[in-house]
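Engineer: My structure is below; once you've seen it, I'll send some questions.
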Amino acid sequence: MLCIAISLHWGLMTETNESQEHQNEEAPVPVMTTVERAEMLLRQDAAIRARINDGATLDEAVDPSNKEFGSLAHPEQVQMRVAKRAMMLREGIEPYPVTLDVTDTIEAVRAKYDGKLEAGDETEDVVGIAGRVLFLRNAGGLCFVQLSAGDGTKIQGMISKKEIGADSLKQFKQLVDLGDHLFIKGRVIASKTGELSVFATEWAIAAKALQPLPALHKDLNEDTRTRKPYIGMIADEKIRNMVRNRSKAVASLRKTFADHDFIEVETPMLQTVHGGAAARPFTTHMNAFDLDLYLRIAPELFLKRCLVGGIDRVFEINRDFRNEGADATHAPEFTMVEAYQAYGNYDTIGALVKQLVQDTAMDVFGSHKVTLLDGTEYDLGGEWKTISMYDSLSEALGEEIVPNGGPDNPGTSVEHLGEIADRLGVERDDVENHGKLVEHLWEHFYEDKLYEPTFVRDFPVETSPLVKGHRSKAGVVEKWDLYVRGFELATGYSELNDPVVQRERFVSQAKAALAGDEEACDIDEDFLEALGVGMPPAGGMGMGIDRLLIALTGATIRETITFPLVKPLN
């Protein structure tokens, strides 16, 4: 059972508790299981409520030094909020009501009245709004509160003794904290300073926040942003915008596919054979069938089965899983879009990908020229550059690198390519072939240097077992990778549909796997049988949604994923 040996308090994000955290570092921290700690926190909550029910004040109900429950118990700020919850329950006030008379959104009130009222103007229009409390100010008989909607739109609420009475105002001051969700009903006015406001005739706590918010005027540290993304959404407009822009981007992709008569399908996440990409899979076990399964690394082989079945234009937007490293452009769990077009090829699918990217930029940001997070502009419009992998590598090396065209035309030898790699200090694989070495050498010269949108075409056959051979170049397949700002954004193919050649490719991959290549795919006999039924010639593409957001915004992959995977602290 998981044990906890550190404080899990919000004190990590509040100046008030930083000293407490420092003290905890100096003193031994008790170890307890997650269940033991949860039970201890419930006992602490019950003790606070019992003291409140016995007539204790808020200050009397809490134990700032945690003498009773120890250093893993709630810190003082949380205890105080738990006490306020208990006080609400004692008074018959529901701290988490089922529903409230919310008739208007903060955004709608802003849109209707912004710029329409002068300082001191009052209307008879009554609205019921709710939002998170981000600011509180007590001015005696008048309290000011700033409420924030989910998108960050803010409005001022005014709570007056004259309007709601002394008892209600006292209760407001006693119970409401920063971070609470608050409901206010009242007239729309402009304050004496001209601030658009709702002058409350009634109020209620919509959800009592037991955890304090971090200081919103300070930037969140990376650890808080990734471990507690919900706090990032509250505190940082850029994070909220990323969530919304990601949704807009996916909607744009679906719209463009629909405009081209593509059908969206869902294919299995759990697969008996891993394939569709060169990657190491995650494994799991199904107890009911006593069967080892893989989390899919790609949906390709199932989408191609759709082509066999007569769905001539098909796409899927869904999760893929690859048991590999994580960096600024890679994550073990990510969202991909894959699409296949019968009677297309890598040229037609390349044109589609260009339109998908440009349409997304236009739909999300209103222009093909996007502004990145660092303030620089990046232009996705116009024509995109195209280069050949072998031609560009030959140019960089100053000698011709020839594809491996088979026994009668072996091309540049593995030995010579290995010598070049060693001379340049290029990392080599344990299991090597001509294609892998060519790709590693090409990446050494070009991968992070292709800033403008660039299609890199015509890859080695050894590294692309599911791709049709080039129609005029031996040893090369009709594949492109799209590079944007120095990283690979998408890939596209003329799809292999000859079941005999596909079986040959699978056998080569299986032999590589036996030799230790963890990224080689298995032989999928069911897929080969499907190909034998007849798959039309087709173009196919794959593009990471996370990487698309990187291209459009300049963010890291973690910043594009709403809830990125992070290693637990303990």
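Heads up, this note's numbering is the position in the sequence shown plus 3, with the first residue counted as 1. Just so you know, even glycine gets a beta-carbon here, dropped at the ideal spot from N, CA and C. Since the model is a prediction, treat every value here as computed from it, not as a measurement.
1) Exposed or buried, Asp-57, counting other C-beta atoms within 10 Å across all chains shown (16 or more means buried)?
2) Beta-carbon within less than 8 Å of Met-2's beta-carbon, same chain only, minus the 5 sequence neighbours each way: which residues are those?
3) Assign Met-91 to one of two classes, buried (16 or more other C-beta atoms within 10 Å of its C-beta) or exposed (fewer than that).
4) What residue ranges within the stretch 270 to 340 form continuous beta strand (DSSP E) runs of no fewer than 3 residues, ordered along the chain?
5) Taking the alpha-carbon positions, what's the Phe-147 to Thr-156 distance?
6) Excluding five sequence neighbours on each side, which residues of the same chain lie with their C-beta closer than 8 Å to the C-beta of Tyr-393?
7) When DSSP labels each residue in this structure, what does Ile-390 get in the three-state scheme?
8) Comparing C-alpha positions only, which one of Ala-203, Gly-143, Gln-177 sits nearest to Ile-167?
9) Give the single residue among Phe-566, Ala-354, Thr-332, Gly-189 whose Cα lies nearest to the Cα of Thr-451.
10) What residue from Ala-212, Leu-213, Asp-239 has the CA that sits closest to Glu-225's CA?
11) My parser needs the beta strand (DSSP E) runs of 3 or more residues fully inside the stretch 366 to 426; what are they?
12) The alpha helix (DSSP H) spanning Ala-193 covers which residue range?
13) Mind reading off the beta-carbon distance from Thr-589 to Gly-545? Whole number of angstroms is fine, and I expect it under 8 Å.
14) Are three or more beta carbon pairs between the stretch 497 to 513 and the stretch 533 to 551 nearer than 8 Å?
15) Kindly indicate which residue of Pro-567, Leu-469, Tyr-486, Pro-571 has the alpha-carbon position closest to the one of Leu-306.
16) Can you look up Leu-223 in the DSSP assignment and give me helix, strand or coil?
17) Would you kindly report the start and end of the unbroken alpha helix (DSSP H) that includes Glu-63?
18) Could you pull the DSSP bridge partners for Asp-484 from this structure?
19) Is there at least one non-hydrogen atom of the ligand ADP closer than 6 Å to the beta-carbon of Ile-390?
20) Roughly how many angstroms separate the alpha carbons of Lys-267 and Ile-320, rounded to a whole number?
21) If I measure Cβ to Cβ from Phe-318 and keep anything under 7 Å in the same chain, skipping five residues before and after, which residues do I get?
22) For Glu-28, does the three-state DSSP call read helix, strand or coil?
23) Identify the continuous beta strand (DSSP E) that holds Phe-138 and give its terminal residues.
24) Which of the three DSSP states, helix, strand or coil, is assigned to Lys-157?
25) DSSP has Tyr-343 in a bridge; who is on the other side?
26) Report, in whole angstroms, the separation of the C-beta atoms of Thr-565 and Val-246, which I expect to be a contact under 8 Å.
27) Do Val-367 and Lys-251 come within 7 Å of each other at the CB atom, strictly closer than that value?
28) If I follow the unbroken alpha helix (DSSP H) through Val-253, where does it start and stop?
29) Less than 8 Å between the CB atoms is what I'm expecting for Leu-298 and Phe-324, so what's the real figure, rounded?
30) Quick check on Phe-138: buried or exposed, where buried means 16 or more other Cβ atoms within 10 Å of its Cβ?
31) When we look at the beta-carbon of Pro-567 and count the other beta-carbons within 10 Å, is it buried (16 or more) or exposed?
32) Determine, using beta carbons only, whether Thr-185 and Leu-216 come nearer to each other than 7 Å.
33) With 16 other CB atoms within 10 Å as the buried threshold, where does His-220 fall?
34) Roughly how many angstroms lie between the CA atoms of Ile-132 and Leu-223, to the nearest whole one?
35) Would you report the Cα separation of Arg-316 and Met-289, rounded to the nearest angstrom?
36) Rounded to the nearest angstrom, how far is the Cβ of Phe-285 from that of Trp-387, given a contact under 8 Å?
Structural biologist: Let me lay it out:
1) One-based indexing of the sequence shown puts residue 57 at position 54. The residue in question, Asp-57, is exposed, as its Cβ has fewer than 16 Cβ neighbours within 10 Å.
2) No statement about residue 2 is possible, as the shown extent of the chain runs from 4 to 573 and does not include it.
3) Taking the first residue of the sequence shown as position 1, residue 91 is located at position 88. Buried.
4) 285 to 289, 294 to 298, 316 to 324
5) Here the question's residue 147 lines up with position 144 in the sequence shown. Here the question's residue 156 lines up with position 153 in the sequence shown. So the alpha carbons of these two residues sit roughly 17 Å apart.
6) On the sequence shown, residue 393 is found 390 positions in, with the first residue counted as 1. Hits under 8 Å: Ile-404, Val-405, Pro-406, Val-441, Asp-461, Val-479.
7) Against the sequence shown, residue 390 aligns to sequence position 387. Note: Ile-390 maps to strand in three-state DSSP.
8) Your numbering for residue 167 matches position 164 in the sequence shown. When each option's Cα is compared against that of Ile-167, the closest is Ala-203.
9) Within the sequence shown, residue 451 is the residue found at index 448, counting from 1. The identity of residue 451 in the sequence shown is Asp, whereas the question assumes Thr. Taking only the C-alpha atoms, the option nearest Asp-451 is Thr-332.
10) Against the sequence shown, residue 225 aligns to sequence position 222. Of Ala-212, Leu-213, Asp-239, the residue nearest in Cα terms is Asp-239.
11) 372 to 374, 380 to 382, 388 to 391
12) For the purposes of this step, residue 193 is taken as the residue at position 190 of the sequence shown. Segment 184 to 193 is the beta strand (DSSP E) holding Ala-193; no alpha helix (DSSP H) there.
13) Since the first and last residues shown for the chain are 4 and 573, residue 589 lies out of range.
14) yes
15) Position 303 of the sequence shown, counting from 1, holds the residue named residue 306. For Leu-306, the nearest C-alpha among the options comes from Leu-469.
16) Position 220 of the sequence shown, counted from the start, is the residue given in the question as residue 223. Leu-223: coil per DSSP, three-state reduction.
17) Counting from one through the sequence shown, the residue named residue 63 turns up at place 60. 61 to 64 is the span of the alpha helix (DSSP H), which, as asked, contains Glu-63.
18) Sequence index remark: in the sequence shown, residue 484 carries index 481 (1-based). Val-459, Thr-494, per the DSSP bridge assignment.
19) The ligand ADP is absent from the structure shown, which contains no ligands of any kind.
20) Within the sequence shown, numbered from 1, the residue matching residue 267 stands at position 264. Within the sequence shown, numbered from 1, the residue matching residue 320 stands at position 317. Note on identity: in this sequence residue 267 is Glu, with Lys being the wrong assignment. Taking the straight line joining both Cα atoms gives about 8 Å.
21) As a first step, residue 318 must be located in the sequence shown, where it is residue number 315. Once the five neighbours on either side are set aside, the close Cβ partners of Phe-318 are Phe-260, Phe-265, Glu-267, Val-340, Glu-341, Ala-342.
22) In the sequence shown, the residue the question calls residue 28 occupies position 25. Residue confidence is low: Glu-28 scores 49 on pLDDT, short of 50, so the model does not pin down where it sits. Its coordinate-derived value is still stated next. In this structure, Glu-28 counts as helix in the three-state DSSP scheme.
23) For the purposes of this step, residue 138 is taken as residue 135 along the sequence shown, with counting starting at 1. Note, Phe-138: beta strand (DSSP E), 125 to 141.
24) Mapped onto the sequence shown, residue 157 falls at position 154. In the structure shown, Lys-157 sits in a strand (DSSP, three-state: E or B).
25) As a position in the sequence shown, residue 343 is number 340, starting the count at 1. DSSP, once it has assigned bridges, lists Val-317, Gly-543 as partnering Tyr-343.
26) As a working mapping, residue 565 is identified with position 562 in the sequence shown. As a working mapping, residue 246 is identified with position 243 in the sequence shown. Right, the Cβ-Cβ distance comes to about 6 Å (below 8 Å), so this counts as a contact.
27) Indexing the sequence shown from 1 puts residue 251 at position 248. Indexing the sequence shown from 1 puts residue 367 at position 364. Contact: yes.
28) The count along the sequence shown starts at 1 and reaches residue 253 at position 250. Taken as a continuous stretch (DSSP letters only), the alpha helix (DSSP H) holding Val-253 covers 240 to 262.
29) Residue mapping note: residue 298 aligns to position 295 of the sequence shown, counting from 1. Residue mapping note: residue 324 aligns to position 321 of the sequence shown, counting from 1. Yes, Leu-298 and Phe-324 are in contact; Cβ-Cβ is about 4 Å, under 8 Å.
30) Translated into the one-based positions of the sequence shown, residue 138 becomes position 135. By the 10 Å Cβ count, Phe-138 comes out exposed.
31) Against the sequence shown, residue 567 aligns to sequence position 564. When all chains shown are included, Pro-567 counts as buried.
32) In the sequence shown, the residue the question calls residue 185 occupies position 182. In the sequence shown, the residue the question calls residue 216 occupies position 213. Reading the sequence as shown, one finds Leu at residue 185 and not Thr. In this structure, Leu-216 does not lie closer than 7 Å to Leu-185 by Cβ.
33) Taking the first residue of the sequence shown as position 1, residue 220 is located at position 217. It counts as exposed.
34) Your numbering for residue 132 matches position 129 in the sequence shown. Your numbering for residue 223 matches position 220 in the sequence shown. Straight-line Cα distance between these residues: approximately 28 Å.
35) Indexing the sequence shown from 1 puts residue 316 at position 313. Indexing the sequence shown from 1 puts residue 289 at position 286. Whole-angstrom Cα-Cα distance: 32 Å.
36) Counting from one through the sequence shown, the residue named residue 285 turns up at place 282. Counting from one through the sequence shown, the residue named residue 387 turns up at place 384. Phe-285 to Trp-387, Cβ: 34 Å. No contact.
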